[in-house]
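In the working numbering, the protein residues as written are 3 to 103.
(1) For a test of the three-state rule: what should DSSP assign to residue 87, helix, strand or coil?
(2) Give the single residue among 20, 94, 24, 17 whose Cα lies nearest to the Cα of residue 42.
(3) Let me check one thing: in DSSP terms, what residues is residue 40 bridge-paired to?
(4) Residue 92 lies in the beta strand (DSSP E); which residues open and close that run?
(5) Using the DSSP secondary-structure output, state which residues sit across from residue 60 in a beta bridge.
(6) Taking the straight line between their C-alpha atoms, what separation do you get for residue 92 and residue 83?
(7) Pick out whichever of 56, 12, 4, 101 has its Cα sitting closest to the Cα of residue 33.
(8) Closest to residue 72 by C-alpha separation, out of 64, 62, 56, would be which residue?
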């Protein structure tokens, strides 16, 4: 928000407050094509979400906090079931079918 104010860009207002959510950043990126910061912020947020959800973050003790559970052999194991009514395979604990490549 401070960067936009320093550059003189108007931030979109939602619920009476200025916002810098994904929609607002995409709109600013289109409006100010020469400014390369907005695409970088969007890419950073995307990668940060993937890191925190699937990989985890290092902690101060040398371990990893968050992410998918990893077994001692270094693998991430799931349980396949036939729960859907379509008789397709389902994955649970964790659901590895929704992990992006």
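In this text, a Cβ means the ideal position worked out from N, Cα and C, and glycines have one as well.
On the basis of the data shown:
(1) The three-state reading of DSSP puts residue 87 in coil, since its state is none of H, G, I, E or B.
(2) Taking each of 20, 94, 24, 17 in turn and checking the Cα distance to residue 42, the smallest one comes out for 24.
(3) Answer by DSSP bridge pairing: none, since residue 40 is not bridged.
(4) Here the beta strand (DSSP E) through residue 92 covers 92-94.
(5) Per DSSP, the beta-bridge partners of residue 60 are 66.
(6) A direct Cα-to-Cα measurement between residue 92 and residue 83 gives close to 5 Å.
(7) Looking only at 56, 12, 4, 101, the smallest Cα-Cα distance to residue 33 is reached by 12.
(8) Residue 72 has its Cα closest to that of 56, out of 64, 62, 56.
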